[in-house]
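Encoded as structure tokens, the structure appears first; notes follow it.
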Amino acid sequence: MENAYEELLLEQDDSTARPWPRRLMAGLATCALCCLLVSMPGAPSEVPGQLDLGVDTLDASVAAKKGPDHRLPQSWHQAAAAANSSGSGLHPVIMMHGALKTASDFDQVKVWISRRHPGTRLLAVEMYEGADSLQPLAEQVLGLSHFLERLVEDYEEFAGGYNLLCHSQGAVICRALCEAMPNHRALSLVSLAGPQMGVYGSTWLEHAEPFFEAQIPMPKLPDFPLPIPGLGEVKKAAGSVAKGSFYQLAYTSMLQSVSLANLWHDPLHVESYLRGNVFLPLANGETAASSKSGYRSNFLRLQKATFLVGAFTRQTYDSPLGVEPWQSGVFGFYANGSSTKVEPIEKQDVFAKDSFGLRTLHETGRLHLEAVEGIGHQEWLTSETVFVKHVMPHLV
Numbered sequence: 008m009e010n011a012y013e014e015l016l017l018e019q020d021d022s023t024a025r026p027w028p029r030r031l032m033a034g035l036a037t038c039a040l041c042c043l044l045v046s047m048p049g050a051p052s053e054v055p056g057q058l059d060l061g062v063d064t065l066d067a068s069v070a071a072k073k074g075p076d077h078r079l080p081q082s083w084h085q086a087a088a089a090a091n092s093s094g095s096g097l098h099p100v101i102m103m104h105g106a107l108k109t110a111s112d113f114d115q116v117k118v119w120i121s122r123r124h125p126g127t128r129l130l131a132v133e134m135y136e137g138a139d140s141l142q143p144l145a146e147q148v149l150g151l152s153h154f155l156e157r158l159v160e161d162y163e164e165f166a167g168g169y170n171l172l173c174h175s176q177g178a179v180i181c182r183a184l185c186e187a188m189p190n191h192r193a194l195s196l197v198s199l200a201g202p203q204m205g206v207y208g209s210t211w212l213e214h215a216e217p218f219f220e221a222q223i224p225m226p227k228l229p230d231f232p233l234p235i236p237g238l239g240e241v242k243k244a245a246g247s248v249a250k251g252s253f254y255q256l257a258y259t260s261m262l263q264s265v266s267l268a269n270l271w272h273d274p275l276h277v278e279s280y281l282r283g284n285v286f287l288p289l290a291n292g293e294t295a296a297s298s299k300s301g302y303r304s305n306f307l308r309l310q311k312a313t314f315l316v317g318a319f320t321r322q323t324y325d326s327p328l329g330v331e332p333w334q335s336g337v338f339g340f341y342a343n344g345s346s347t348k349v350e351p352i353e354k355q356d357v358f359a360k361d362s363f364g365l366r367t368l369h370e371t372g373r374l375h376l377e378a379v380e381g382i383g384h385q386e387w388l389t390s391e392t393v394f395v396k397h398v399m400p401h402l403v
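Residue 310 in the working numbering sits at position 303 of the sequence shown; the count goes up by one each step and never skips.
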């Protein structure tokens with residue numbers, strides 16, 4: 008089972024697996040970003056080549072997580088045992104939250120499903136919550152894979168198949184898991200506002216800053232009682248250049264240890280994206296490694312895949328720190344070389360080349376894409392009307 012999904016794991020040295028070195032590295036990256044924005048360099052820096060993601064390079068500290076760290080916690084045993092086991096329910100529903108969120112985001116969803124399908128086993132994943140959600144996406148895919156293995160081993164109800172109901176960053180993790188895990192038992196994958204093609208935009212980047220600040224302890228700058236000449240102009244210039252220059256840091260190994268950077272897809276610097284982003288090109292079948300990995304056959308084990316997102320005419324995103332462009336939630340994205348022209352899924356290589364099975368799912372009637380006018384990023388989990396109408400029908 009291990010060979011396919013462990014290719015998703017980026018190569019790390021032992022120090023980056025521990026919290027304080029990771030924060031230190033990310034802190035240095037943040038300082039470098041500030042310098043980059045103020046100096047506004049004209050020439051791009053060298054981007055590291057694609058890392059070897061093979062099993063042989065798997066860091067020992069990450070490999071160790073296959074053991075006791077992935078045993079089911081006692082609270083999960085209690086939750087599974089307490090679930091109503093009547094025969095009127097759906098297949099079990101496993102829910103994965105988004106970045107900096109927790110399993111409690113699905114509390115209302117559990118109520119809505121239980122009312123209409125009593126007896127359904129409902130488990131919201133209590134992994135990678137809060138700041139832990141900023142760990143590399145490949146590491147989260149691996150951890151969730153091992154967790155689901157144990158769940159199937161310990162509870163026969165899950166061995167017959169389950170639904171994956173996943174939101175935001177969690178939806179990207181769940182989709183990658185269905186590609187990378189050869190023996191997954193997912194019957195239906197439901198992606199709610201997941202940036203499947205990545206993110207790119209000034210609004211998203213501006214609002215991502217607090218995520219880094221929450222993870223990285225940075226010293227507070229002193230307050231200046233007197234106005235600093237030119238400070239306003241510097242801030243304005245930094246904001247306008249940030250989106251265009253962020254790739255120079257996003258695609259370094261330093262920032263690729265943070266999940267948000269794994270989602271940055273710069274359409275103006277495609278080669279840098281393909282070489283430097285260690286997660287998304289592999290998950291989207293844009294690398295030679297992914298074509299040899301069996302991701303397509305694994306993904307096609309799904310009976311059904313559903314991708315839902317909010318659609319908007321006057322803004323490019325479904326919320327300031329959600330999906331930008333919003334079309335990424337249904338596999339649309341900016342055309343290569345453009346930051347304004349969005350091309351639909353039919354013109355994306357991930358579909359046209361059937362790189363991991365999207366086109367085959369479509370041709371066999373197992374793919375559902377829907378962009379619903381005006382649905383905000385969190386509304387999929389907070390509006391019963393939206394959930395019952397647009398999400399519930401896709402659970403099996």
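Heads up, the beta-carbon is just placed ideally off N, CA and C, and yes, glycines get one too.
- A direct Cα-to-Cα measurement between Ser260 and Gly283 gives close to 8 Å.
- By the beta-carbon neighbour count (other beta carbons within 10 angstroms, threshold 16), Asn291 is buried.
- Ranked by how close their Cα comes to the Cα of Pro274, the residues Ser300, Asn305 and Phe340 have Phe340 in first place.
- Between Leu309 and Leu144, the CB-CB gap reaches or exceeds 7 Å.
- DSSP links Cys173 through a beta bridge to Met103 and Ser198.
- Around the CB of Ser279, 16 or more other CB atoms lie within 10 Å, so the residue is classed as buried.
- As summarised for the stretch 244-306, the continuous alpha helix (DSSP H) elements at least 4 residues long and confined to that stretch are 254-257, 266-269, 277-283, 287-290, 295-298 and 302-306, given in chain order.
- Taking the Cα of Phe338 as reference, the smallest distance to any Cα among Lys396, Ala378 and Ala257 is reached at Ala378.
- Using a Cβ distance threshold of 7 Å, Ala131 and Ala106 do not count as a contacting pair.
- Taking one beta carbon from each stretch, the stretch 323-331 and the stretch 205-214 have 3 or more pairs nearer than 8 Å; the two touch.
- Taking a 10 Å sphere around the C-beta of Pro332, we find 16 or more other C-beta atoms and assign the residue as buried.
- Inter-residue distance for His272 and Leu171 is about 25 Å (C-alpha atoms, whole angstroms).
- Beta-bridge partners of Gly339 (DSSP): none assigned.
- Excluding sequence positions up to five before and after Met134, its CB lies within less than 8 Å of the CB of Gln147, Gly150, Leu151 and Phe154, all in the same chain and listed in chain order.
- Ranking Leu262, Leu194 and Val116 by CA distance to the CA of His174 puts Val116 first.
- The beta carbon of Asn343 is closer than 8 Å to those of Pro274 and Val277 in its chain, skipping five residues each way along the sequence.
- DSSP places Leu129 in no alpha helix (DSSP H) but in the uninterrupted beta strand (DSSP E) bounded by Leu129 to Ala131.
- If you draw a straight line from the Cα of Leu388 to the Cα of Ala138, it is about 20 Å long.
- The beta-carbon distance between Val316 and Leu270, rounded to whole angstroms, is 15 Å. This is too long to meet the 8 Å contact definition.
- In this chain, the beta strand (DSSP E) harbouring Lys311 covers Lys311 to Ala318.
- Looking at the DSSP output, His375 shares a beta bridge with Thr313.
- A Cβ-Cβ contact shorter than 7 Å links Glu186 with Tyr302.
- Excluding residues up to 5 positions away in sequence, Val197, His375 and His401 lie with their Cβ nearer than 6 Å to the Cβ of Thr313 in the same chain.
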